[in-house]
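Undergrad: One structure, pasted below without further comment.
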Amino acid sequence: MWEAERKTLLIFREEYLEHEQHPTHPERRERLSYTIDRLEEEGIPHVVEGVEMEGADPADREVVELVHDPDYVELVRRLSEGGGGSLDPDTYVSPGTYEIALLAVGGAVKAVEEVVKGRYETAFALVRPPGHHASVSKGAGFCYFNNVAVAAEYAIKVLGLSSVAILDWDAHHGDGTQDVFYHRDDVLYVSIHQDGRTLYPGTGFPDEVGMGPGEGYTVNVPLPPASGDRAYSEAFDVIVRPVVEEFEPDLILVSAGQDCHFSDPLTALAVTAEGYGKMMEKTVELASETGARGPVAVLEGGYSIELGLPYTNLAVIAALAGIPTTVEEPVDPPEENPEGVRTVRKVARYHARYWEGVRRRSS
Ligand SMILES: [Zn+2]
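Going left to right, the sequence shown walks through residues 101 to 463 as the working numbering numbers them.
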């Protein structure tokens with residue numbers, strides 16, 4: 101029996117596997133079922149003391165409406181119960197989508213609640229469908245309800261926290277999450293993603309910084325293809341760490357998109373599973389240094405079903421719980437593009453105007 105360094109909650113329900121748009125859609129059940137198989141092979145959660153796996157109830161409609169327009173929630177319900185319909189060309193509502201999307205929000209909210217109330221130190225909600233492209237009144241990019249945005253709003257409005265930092269490392273820019281909090285200074289949104297000139301949704305440039313009171317509280321780090329682990333490590337050291345230290349959040353949420361892995365068929369960022377583990381280790385350190393609760397991770401994208409998700413998710417869980425798992429990947433990563441690190445430094449110089457710590461590190 102191993103003992104975890106930190107009490108960690110994994111959220112999972114079989115129903116998360118039932119959501120399907122159509123059988124060849126990349127956002128399919130095996131994304132999660134292969135991860136669950138991999139965890140079982142490692143004996144997680146059974147042979148690790150301090151790591152538990154639990155289900156979650158569907159979120160109440162009022163909770164979803166902390167972020168989403170009631171008319172939009174009603175639209176998803178009606179399409180789902182009426183047999184189906186499209187929200188965008190990539191985002192089809194099937195019978196049952198509404199219920200499973202409520203379960204996904206419920207998973208993210210429960211993970212936050214359990215960590216904020218101190219029953220667990222860290223958590224990972226292994227949910228489907230993902231959420232970060234969903235904005236207040238629009239579903240898009242495989243997303244219906246914004247799991248992370250609702251969980252952040254729940255932490256503030258219901259649990260009474262003053263501030264939340266959302267770190268979004270999905271390969272795609274989380275345009276939905278950015279929109280929800282663009283005018284706010286109590287929710288920091290930091291996204292590291294593949295440059296919008298080369299990937300959906302085509303947003304997330306450094307000059308998108310927030311508006312009004314929210315100016316400076318949106319931080320976008322777009323990276324060129326093949327940036328690799330070194331660029332991510334650099335982005336943590338010169339941007340994420342100093343910004344989050346200065347923001348001093350009550351809670352750190354991670355939009356854990358596992359599609360930066362080098363084997364992902366939709367993206368080209370060349371991150372390894374070990375690199376993912378390091379990112380989460382640094383996030384755990386950051387939470388403990390700033391006194392923030394968490395991290396609480398919520399699964400977003402990731403489409404490399406056999407070679408990516410099972411390994412990146414395992415690495416992230418090992419880092420959250422502090423268990424010594426070495427993740428050996430079945431294939432070798434490609435060479436890194438040195439332009440990635442240079443891009444991070446350029447973006448840091450741009451954000452130095454808002455954040456003193458970034459200024460110090462990038463001068
Ligand atoms: Zn993605």
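Glycine is no exception: its CB is placed at the ideal position from the N, C-alpha and C atoms. This structure is a prediction, so every number in the text was calculated from the model and none was measured.
What's the call for residue 146, buried or exposed, on a 16-neighbour Cβ count within 10 Å?
TA: exposed
Undergrad: Secondary structure at residue 394, three-state DSSP: helix, strand or coil?
TA: strand
Undergrad: Suppose the cutoff is 8 angstroms on Cβ atoms and the five residues either side in sequence are ignored; what does the same chain contact list for residue 135 look like?
TA: The residues 226, 409, 410, 413, 414, in chain order, have a CB closer than 8 angstroms to that of residue 135 in the same chain once the five nearest residues on each side in sequence are set aside.
Undergrad: Based on Cα-Cα distance, which residue from 171, 174, 187 lies nearest to residue 121?
TA: 187
Undergrad: In the DSSP assignment, find the beta strand (DSSP E) that holds residue 279 and state where it starts and stops.
TA: Here residue 279 belongs to no beta strand (DSSP E); instead the alpha helix (DSSP H) covers 275–280.
Undergrad: Given a cut-off of 8 angstroms on the beta-carbon distance, is the pair residue 224 and residue 416 in contact?
TA: yes
Undergrad: Roughly how many whole angstroms lie between the Cα atoms of residue 200 and residue 115?
TA: Between the C-alpha atoms of residue 200 and residue 115 there is a straight-line separation of about 7 angstroms.
Undergrad: With burial defined as no fewer than 16 other Cβ atoms inside 10 Å of the residue's Cβ, what is the status of residue 103: buried or exposed?
TA: exposed
Undergrad: Tell me whether residue 272, by its Cβ, gets closer than 7 angstroms to a heavy atom of ligand 1.
TA: yes
Undergrad: Can you give, in chain order, each stretch of the alpha helix (DSSP H) that sits fully within the region 185–230 and has at least 4 residues?
TA: 197–216
Undergrad: Since residue 450 contacts residue 349 with CB under 8 angstroms, what's their CB separation in whole angstroms?
TA: The pair is not a contact, with the Cβ atoms about 22 angstroms apart (cut-off 8 angstroms).
Undergrad: Would you be able to state if there are at least three C-beta pairs under 8 angstroms between the region 248–255 and the region 372–380?
TA: no
Undergrad: Does ligand 1 have a heavy atom nearer than 7 angstroms to the CB of residue 239?
TA: Flag unset: Cβ of residue 239 not near ligand 1.
Undergrad: Check each candidate in 170, 113, 333, 176 and name the one with the smallest Cα separation from residue 153.
TA: Nearest option by C-alpha distance: 113.
Undergrad: With 16 as the cutoff for other CB atoms within 10 Å, does residue 426 come out buried or exposed?
TA: exposed
Undergrad: With a 10 Å radius around its C-beta and 16 neighbouring C-beta atoms as the bar for buried, classify residue 107 as buried or exposed.
TA: buried
Undergrad: Following a CB-centred definition, is residue 359 positioned closer than 7 angstroms to any heavy atom of ligand 1?
TA: yes
Undergrad: Can you look up residue 170 in the DSSP assignment and give me helix, strand or coil?
TA: Look at residue 170 here: in three-state DSSP terms it is helix.
Undergrad: Thinking C-beta only, is residue 291 closer than 8 angstroms to residue 320?
TA: yes
Undergrad: Could you tell me whether the region 453–461 touches the region 334–343, using the rule of 3 or more Cβ pairs below 8 angstroms?
TA: yes
Undergrad: For residue 390, which of 428, 347, 405 has the nearest alpha-carbon?
TA: Measuring from the Cα of residue 390, the nearest candidate turns out to be 347.
Undergrad: Tell me residue 154's beta-bridge partners as DSSP assigns them.
TA: 111
Undergrad: I want to check one thing, is the minimum distance from the CB of residue 308 to the heavy atoms of ligand 1 below 7 angstroms?
TA: No; taking the cut-off as 7 angstroms, the Cβ of residue 308 has no heavy atom of ligand 1 nearer than that.
Undergrad: Between which residues of its own chain and residue 215 is the CB-CB distance below 8 angstroms, once the five residues before and five after are set aside?
TA: The beta carbon of residue 215 sits closer than 8 angstroms to the beta carbons of 109, 221, 222, 223, 351, 393, 394, 396 from its chain, once the five residues preceding and following it are set aside; these are given in chain order.
Undergrad: Hey, is the region 433–450 in contact with the region 173–181, meaning 3+ C-beta pairs nearer than 8 angstroms?
TA: At 8 angstroms Cβ cutoff, the stretches do not touch.
Undergrad: For a minimum of 4 consecutive residues, which ranges assigned as the alpha helix (DSSP H) are wholly contained in the region 328–394?
TA: 328–335, 341–347, 373–390
Undergrad: Would DSSP call residue 442 helix, strand or coil?
TA: helix
Undergrad: Per DSSP, what are the beta-bridge partners of residue 267 in this structure?
TA: Per DSSP, 290, 354.
Undergrad: Identify, in the order they occur along the chain, each residue of the same chain with its Cβ nearer than 7 angstroms to the Cβ of residue 56, setting aside the five sequence neighbours on each side.
TA: Look at the range of the chain in this structure, 101 to 463, and you will see that residue 56 is not part of it.
Undergrad: Output the distance between the C-alpha atoms of residue 421 and residue 144, rounded to the nearest integer angstrom.
TA: 11 angstroms
Undergrad: Classify residue 419 as helix, strand or coil using the three-state DSSP reduction.
TA: helix
Undergrad: Count the other CB atoms, across all protein chains shown, that sit within 10 Å of the CB of residue 127; report buried if there are 16 or more and exposed otherwise.
TA: Residue 127 comes out buried.
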